[in-house]
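When you line the sequence shown up against the working numbering, it's residues 25 to 265, in that order.
Ideal Cβ positions, reconstructed from N, Cα and C, are used throughout, including at glycine.
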Amino acid sequence: MTMSSAIFLPLLILHIAAGLVALSSGVVAMMSRKSGGGLHARAGHYFYLSMSAMAVSAALLTAWEPDRLSLGAAIWTFYLVHTSRQSAISRTGKLDRVSQWLAPVGLFATLLFLHGGLIALDSANGEFQDMPATAYFVFGSLASLSLLFDLSVLYRGGLKPRQRVARHLWRMMTAYFLAATSLFLGQQDDVFPFMKGSPILLLPSLFTLGFLTFWAIRFRFARNWLGNRPANAAQAKPAQI
25 MTMSSAIFLP LLILHIAAGL VALSSGVVAM MSRKSGGGLH ARAGHYFYLS
75 MSAMAVSAAL LTAWEPDRLS LGAAIWTFYL VHTSRQSAIS RTGKLDRVSQ
125 WLAPVGLFAT LLFLHGGLIA LDSANGEFQD MPATAYFVFG SLASLSLLFD
175 LSVLYRGGLK PRQRVARHLW RMMTAYFLAA TSLFLGQQDD VFPFMKGSPI
225 LLLPSLFTLG FLTFWAIRFR FARNWLGNRP ANAAQAKPAQ I
């Protein structure tokens, strides 16, 4: 066994194991009560650790099989998970130093996506490493948007409690979407050859998008629903998030 293969195999095992823990703990965190502690907090902690390990191992694995889109997605996932966790544990709504230091990491992922898209546009078939330019630009646009939100937080000096929770939610859910899509749609040939092309493989990604949409709508309109209670609005308890 060569030194290269001796490093590759443990990395691959770590990547797969971390991915399984992340996907399962993420479901538990999504479905448990958002009370700021208890099962949601414990599952979220395991999700944070396993997603970090999965992202780092995925980035390192591209050294054996260059994949610009996977490399950018791994780096962006790491950035999303860590900035989301900061939003969850912060009580001031301000970006701490770790989040500020991670901004260049998000910028690097954005540049990887956009550069890959430009290479694809310049190619004869409009692809780079078997991926169309559209895929690179879609990811690049979303990564750019997350960086703009960071700049907005710095400009405003912080986030209100509802905004802080919304930031935590969409970043964790986006990271989960990337992991689920990478496994069930991106690894059909290796992991699910017997189900290749099956619409069933779309379900985890669609579930994640549906869950994110539900909470986005709830955060947008929950205040109005609570505020429209005429009798006991003053005594009404805040909605659990």
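Per-residue burial, Thr237 [other beta carbons within 10 Å of its own, 16 or more giving buried]: exposed
Same chain, Cβ closer than 7 Å to Thr116, five either side skipped, listed in chain order: Gly182
Extent of the continuous alpha helix (DSSP H) to which Ser111 belongs: 92-113
Is there contact between the segment 186-198 and the segment 136-152, where contact requires at least three CB pairs shorter than 8 Å? no
Length of the line joining the Cα atoms of Met75 and Leu35: 14 Å
Based on the DSSP secondary-structure assignment, which residues constitute the bridge partners of Met155? Phe152
Measure how close the beta-carbons of Ala159 and Leu47 come, nearest whole angstrom, since I'm counting them as under 8 Å. Contact doesn't hold; Cβ gap of about 22 Å is too wide.
Would you decide whether Tyr179 is buried or exposed? Buried here means 16 or more other CB atoms lie within 10 Å of its CB. exposed
Alpha carbon to alpha carbon, how far is Pro128 from Ser170? Give it in angstroms, no decimals. 12 Å
Let's test the definition: count the other Cβ atoms within 10 Å of the Cβ of Trp125 and tell me whether it reaches 16, buried, or not, exposed. exposed
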